[in-house]
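Novice: Below you will find the structure I want to go over with you.
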Amino acid sequence: MTTEESGGLAQTAAVKLSDMGERTKQLGTAIQDPERQRRIILVIVCVALLLDNMLYMVIVPIVPDYLARLESESEQARVTGNSSTNSTQNENFDVQIGVLFASKAILQLIVNPLTGTFIDRVGYDIPLFIGLSIMFVSTCIFAFADNYATLFVARSLQGLGSAFADTSGIAMIADKFTEEAERSRALGIALAFISFGSLAAPPFGGVLYEFVGKRVPFFVLASICLADGILCMTVLKPFSNRTRENMPVGTPIYKLMIDPYIAVVAGALTTCNIPLAFLEPTIANWMEETMDSSQWEIGLTWLPAFFPHVLGVYITVKLAAQYPHLQWFYGALGMVIIGASSCIVPACKNFEQLIIPLCGICFGIALVDTALLPTLAFLVDVRHVSVYGSVYAIADISYCVAYALGPIVAGKIVHDLGFVQLNLGMGLANVLYAPALLLLRNVCLMKPSHSERNMLLEEGATGLYDTIRMEERQRKKHGYSSSGNCVPIDENGTFAGQSKSFSDEETSEPEYI
């Protein structure tokens, strides 16, 4: 009886192991499916962007209070000085907080030109994994930091990780989603995750810090980062021994910077994010002074703005699919909305009124970002080589300029000129910059150079666009369409019943942003 039971258990275990092996095999096959892989890559990138922006904003309710407690403890251990000394120490404390918040964007601003070039040379997967690894280390340091210097190192490390993860992630989305409509949709999803991370992180961090301590929020984020890194290793296999066939040589970043169209887009990205970057460090004090707002109102100031931001992304993606030649107009309209909303902020008298212009600012930013980020990829496709690391490093630099200046400059402007003048200046800057986007109105009519394309295809593909076209030409030579179905092909490489040649089809193919 015992022998029969043992045999039955062994047989059951063998069946379960066989089923497990079969499921693992099916999972591996599913992951290798190109469409599924694209979706998984989008998930990996979106989680990385979510983590980066949550880590960027989660310290807002935690670090100032934590450092103030450390400062008070050190003060109690020393003899209390006079009032002038205390006032000076308070000013120094505010400066330290501003420098700490800005250090991430400053280091990211410095490193981005190098990471953009690095991404162009090695691809997108290795830099993404490097960025996730650095962000994981940075988050762990935040959890255990017990002094200003350690927090500063953690914040700066986060900037280094962001320079790798953010740029390579956005560039990977642009590379994997080649059709303009699906590219806009994928980038819109990524922007929604960025928005959610930025706006949900302060209440998330504040609540956990209040009830379970400083370390728990960072442990949660570190765990998610670790899981995303493991998924990246499993799906992308960044360090596998494989040769990168048709590895394109990207356009140097300095050449992209002097491209007038890219420069206009970069300027718009910086200008539209200035109100958000400058209001985040200043609006809390203004609310306390003018509205006598409670701490929970200050903590929830930006959270309602998440919903109009997502709505703006959704509307822009839908409009771009229907009217792709009006991308410049969506961006210009967004900047006007941002400008008008910024001017309204100082006129608000209570928390409920303040929500309206803040929602307007985030809605306008969604229009600008969702319209112009795909435009950068399109400009690289038609004017340069289809490699996206450097161009999205420029976009990241544009954001970093605003967020590096915000914590340092905004407080000084409010102190010297006033909160009203700060908002009027930011609003005026956005409204005045909006007409500059008229330069992009004919971008949708641009075409790649036909002679250059032929030369590139004869020498081998040098970019994603060329690789796809070369594969289509090879299929047509063998009598197959791009969908894999056998279709009659004439001696000129055209489909039966089709009068124009492949070359004519390539040059007349509609390419809109």
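As numbered in the numbering used here, residues -17 to 495 make up the sequence shown, in order. C-beta: ideal position from N, C-alpha, C; glycine also.
(1) So residue 293 and residue 171 are supposed to be a Cβ contact under 8 angstroms. How far apart are they, rounded?
(2) Give the DSSP-derived three-state secondary structure of residue 351 in the structure shown.
(3) Would you identify the three-state DSSP class for residue 428, choosing helix, strand or coil?
(4) Would you mind giving the Cβ-Cβ distance between residue 400 and residue 321, rounded to the nearest angstrom? I have them listed as a contact below 8 angstroms.
(5) If you check the beta carbons only, do residue 86 and residue 151 fall under 9 angstroms apart?
(6) I'd like the list of long-range same chain contacts for residue 129, defined as Cβ closer than 8 angstroms, with 5 residues on each side in sequence excluded.
(7) For the candidate residues 264, 314, 241 and 331, whose alpha-carbon lies nearest to that of residue 272?
(8) Taking 9 angstroms as the threshold (C-beta atoms), are residue 186 and residue 269 in contact?
(9) Residue 38 by DSSP, collapsed to three states: which one?
(10) Excluding sequence positions up to five away, which residues of its chain have a Cβ less than 7 angstroms from the Cβ of residue 240?
(11) Count the other CB atoms within 10 Å of the CB of residue 528; is the residue buried (16 or more) or exposed (fewer)?
(12) According to the Cβ coordinates, are residue 250 and residue 414 closer than 9 angstroms?
(13) Hey, which unbroken runs of the alpha helix (DSSP H) at 4 residues or more fall wholly within the segment 245 to 287?
(14) Consult DSSP for residue 241 and reduce its assignment to one of helix, strand or coil.
(15) Between the segment 382 to 393 and the segment 342 to 349, do three or more beta carbon pairs fall short of 8 angstroms?
(16) Residue 540 and residue 78: beta carbons closer than 9 angstroms?
(17) Ignore the nearest five residues each way along the sequence and tell me which others in residue 114's own chain have a CB closer than 7 angstroms to its CB.
(18) With the cut-off set at 9 angstroms, would you say residue 183 and residue 81 are in Cβ contact?
(19) In the DSSP assignment, the alpha helix (DSSP H) including residue 210 goes from what residue to what residue?
(20) Just to check my reading of the structure: residue 289 and residue 178 have Cβ atoms closer than 8 angstroms, yes? What is that Cβ distance to the nearest angstrom?
(21) Mind checking whether residue 108 and residue 221 have CB atoms under 9 angstroms apart?
(22) Could you check the C-alpha separation between residue 367 and residue 428 for me, to the nearest Å?
(23) Residues in the same chain with beta-carbon distance under 6 angstroms from residue 378, minus the five sequence neighbours each way, listed in chain order, please.
(24) Go ahead and pull the three-state DSSP assignment for residue 331.
(25) In terms of alpha-carbon separation, which member of 418, 138 and 232 lies closest to residue 496?
(26) Out of curiosity, what's the CA-to-CA distance linking residue 339 and residue 323?
(27) Use the C-beta contact count for residue 193: other C-beta atoms within 10 angstroms, 16 or more gives buried, fewer gives exposed.
(28) Where does the unbroken alpha helix (DSSP H) through residue 164 begin, and where does it stop?
Specialist: Let me spell this out:
(1) About 14 angstroms separates the two Cβ atoms, so there is no contact after all.
(2) helix
(3) coil
(4) With a Cβ gap of about 18 angstroms, residue 400 and residue 321 do not count as contacting.
(5) no
(6) Within the same chain, 52 come within 8 angstroms of residue 129 by CB-CB distance, once the 5 residues on both sides are set aside.
(7) Residue 272 has its Cα closest to that of 331, out of 264, 314, 241 and 331.
(8) no
(9) helix
(10) In the same chain as residue 240, and ignoring 5 residues on each side of it, no C-beta atom comes closer than 7 angstroms to its own.
(11) Summary: the structure shown does not reach residue 528, with the chain confined to residues -17 through 495, and so no result is reported for it.
(12) Remark: C-beta atoms of residue 250 and residue 414 do not approach each other more closely than 9 angstroms.
(13) 265 to 272 and 277 to 281
(14) coil
(15) no
(16) Because the chain in this structure spans residues -17 to 495, residue 540 falls outside the shown range and cannot be described.
(17) Closer than 7 angstroms at the Cβ level, and outside the excluded window around residue 114, lie 30, 147, 207, 210, 211 and 214.
(18) no
(19) 197 to 218
(20) The beta-carbon distance between residue 289 and residue 178, rounded to whole angstroms, is 10 angstroms. This is too long to meet the 8 angstroms contact definition.
(21) Residue 108 is a Cβ neighbour of residue 221, given a cutoff of 9 angstroms.
(22) Rounded to whole angstroms, the separation of the alpha carbons of residue 428 and residue 367 is 14 angstroms.
(23) 94, 148 and 149
(24) coil
(25) Nothing can be reported for residue 496, as the shown portion of the chain is limited to -17 through 495.
(26) 5 angstroms
(27) exposed
(28) In the DSSP assignment, residue 164 falls within the alpha helix (DSSP H) that extends over 162 to 194.
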